[in-house]
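> Dumping the structure here so I can ask a few things about it.
Residue numbers (the numbering used here): 87 to 213.
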């Protein structure tokens, strides 16, 4: 948790040397911690439970598709997808956001996002 706090607080360039300087741990400890894998869904569930503890417990899971415009060809999963705002097919990425809403507090927290591969690229991978 300290590393996430440091990422938000450290001004300008944030690297392991800066984290060692501003944090309670050394540079090497920050490097070793960053190499570990993190279960982001579990962490975001814990954060949402902490953030929504003032509510009455009326929560709902929401799913929201989103389109991100991209110009390059080297980004993974880039292709042509429907953009609801533009009302047309555009070149870019399509992501699916999964979140939790607290009905009483009128707040939402993102739990996980998934990038949807383009159907032509997904078909090529199956072969």
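Cβ coordinates follow ideal geometry from the N, Cα and C atoms, glycine included.
#1: Between the C-alpha atoms of residue 115 and residue 91, what's the straight-line distance to the nearest angstrom?
#2: Given a threshold of 16 other Cβ atoms within 10 Å of its Cβ, counted over all protein chains shown, does residue 123 qualify as buried or as exposed?
#3: For residue 218, I'd like the list of residues in its chain whose CB is within less than 6 Å of its CB, leaving aside the five on either flank, ordered along the chain.
#4: Can you list, in chain order, the residues of its chain whose CB lies under 8 Å from that of residue 138, leaving out five sequence neighbours each side?
#5: If you measure from the CB of residue 154, is any heavy atom of the ligand MG nearer than 7 Å?
#6: Please check the pair residue 198 and residue 127, which I expect to be a contact at CB under 8 Å, by giving their CB distance rounded to whole angstroms.
#7: Look at the alpha carbon of residue 168 and the alpha carbon of residue 135, and state the distance between them as a whole number of angstroms.
#8: From the DSSP output, read off the bridge partner residues of residue 176.
#9: Taking buried to mean at least 16 other C-beta atoms within 10 Å of its own C-beta, is residue 95 buried or exposed?
#10: In or out: residue 173 buried (at least 16 other Cβ within 10 Å) or exposed?
A quick look at the data gives this:
#1: 15 Å
#2: exposed
#3: Because the chain in this structure spans residues 87 to 213, residue 218 falls outside the shown range and cannot be described.
#4: 145, 186, 188, 191, 193 and 195
#5: Among the components modelled here there is no ligand, and therefore nothing to report on the ligand MG.
#6: 5 Å
#7: 34 Å
#8: 167
#9: exposed
#10: exposed
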